[in-house]
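The numbering of the sequence shown is my numbering, which starts it at 1182 and goes up by one. Positions of the beta carbon are idealized from the N, C-alpha and C atoms, including for glycine. The structure displayed is predicted, hence computed values, not measured ones. Report on the structure given below.
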Amino acid sequence: MKKTALKVKNNAERDARRQIIEELFYDFNTNRHRVYLTNFVRGIFFGFGALLGGTLLVAIIIWILSQFAGWFPFIGDYINQIINAIKH
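Encoded structure:
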């Protein structure tokens, strides 16, 4: 019986919190078009940042591997092929 009462209480608290958050969201964002525009622009910047970050990460990894190309001859040829493909 106590478990059921505790479960009901927790569900009620969670639902109340959810309702408060939704009310705050709708109070601050009364214009849906503005919300859509904001999320669209945010998505564009997120995508651009992910693309830029991924490109930099790959470039840094290739640069680091190229520094070790002379030490490991078995992967040195492969790394040089990647570097030549990027240059051309």
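Neighbourhood of residue i by C-beta distance below 7 Å, restricted to the same chain and skipping five residues each side
i            : result
residue 1268 : none
residue 1220 : none
residue 1185 : none
Contact belief for residue i with residue j at Cβ below 8 Å, rounded distance in angstroms
i            : j            : result
residue 1150 : residue 1256 : Residue 1150 lies beyond the residue range present for the chain, which begins at 1182 and ends at 1269; the question has no answer from this structure.
residue 1243 : residue 1263 : 6 Å
task: Return the chain-ordered ranges of every alpha helix (DSSP H) run that is complete within the region 1199-1227 and spans a minimum of 4 residues.
output: The alpha helix (DSSP H) runs of length 4 or more contained entirely in the region 1199-1227 do not exist; there are none.
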